[in-house]
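Step one of this worksheet: look at the structure below.
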Ligand SMILES: NC(=O)c1ccc[n+]([C@@H]2O[C@H](COP(=O)([O-])OP(=O)(O)OC[C@H]3O[C@@H](n4cnc5c(N)ncnc54)[C@H](OP(=O)(O)O)[C@@H]3O)[C@@H](O)[C@H]2O)c1
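In this note's numbering, the protein residues as written are 228 to 530.
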């Protein structure tokens, strides 16, 4: 039996959406979920979510969440979901452009539906570990209402202001992801070439004040050369380009972003596109004249 009274609707049960709905359902929310490929959402019924076949079954929900892929997909599904009855509020969590988000806001305002832009930091594994975070913008009172559900999905949310500001914050976040991983690759190769095993150096770094959840999380990849994709080089390049565009618009120099963007471009030019963005390590090794071997050390990802 649901223990929360508001009726929630959810669109999109991909890697991210599935794990997010699972947390809300397990927390006792009254939640109905639709996914284009219904079979992917079906197991959510075991946790108490209602899996629906048609988008219009989400009509009239108090809060409608959306977690699909691009803005075109968001536009399509939200358009269809509104046909049979408006929700009270839409909380859009996919990583979409500022322009797309602003267009969606206009459409929803015309329909008198409140809109929160709420992109996330974390991947499916991070959600399972309860560590997802949101950055949110839109009307403050809408945020106050949606906040408890955002909290149930992870470690909380940050409200950054009106309009599409959260999309800018998400771009800044991903710029940092690129710059930090490049720095981590440079120093790891330097340490190795000077004579240390990568795992020993990263063990020191991770225990120091410079270590972070991110450096710990990426350590197994850098030590054991497991470049199973979490985020592709091309997607990261897209986000650095968005960061550089924003820098130009606001007249903010971004030299580190610029260099990292070009390093990613080199990597893509070498055909390194299908594995994780942390394959920047391999480029750094090549540029330093060394060959890497997996160290095969059992490590926790720190989550
Ligand atoms: N994965 C990450 O680490 C991560 C981290 C932060 C943010 N994000 C962002 O979160 C969003 C979702 O990522 P994800 O990793 O969950 O992607 P995913 O596993 O590829 O799932 C995409 C979801 O969108 C649905 N979808 C796509 N196009 C659609 C359309 N035209 N109509 C209806 N449904 C459509 C898919 O339905 P089907 O199941 O039918 O294909 C699926 O439910 C993206 O914007 C991504 O950039 C991802």
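Cβ coordinates follow ideal geometry from the N, Cα and C atoms, glycine included.
- Closest by C-alpha distance to residue 494, out of 483, 514, 477 and 481, is 514.
- For residue 398, the three-state secondary structure derived from DSSP is helix.
- Comparing alpha carbon positions, the residue from 506, 314 and 444 closest to residue 284 is 314.
- Rounded to whole angstroms, the gap between the alpha carbons of residue 299 and residue 324 is 10 Å.
- With 16 or more neighbouring CB atoms inside 10 Å of its own CB, residue 510 falls in the buried class.
- The three-state reading of DSSP puts residue 446 in helix, counting H, G and I together.
- At a cut-off of 4 residues, the continuous stretches assigned as alpha helix (DSSP H) that sit fully inside the segment 431-504 are 440-451, 460-477 and 482-496.
- Look at residue 410 here: in three-state DSSP terms it is helix.
- Taking 8 Å as the cut-off, the beta carbon of residue 503 is found no closer than this to the beta carbon of residue 401.
- Measuring C-alpha to C-alpha distances from residue 262 to each of 243, 357, 386 and 470 identifies 243 as the nearest.
- At a threshold of 7 Å, residue 457 counts as near ligand 1, since its beta carbon sits closer than that to one of the ligand's heavy atoms.
- Note on geometry: alpha-carbon atoms of residue 473 and residue 439 lie some 27 Å from one another.
- Residue 462 is classed as exposed because its beta carbon has fewer than 16 other beta carbons within 10 Å across all chains shown.
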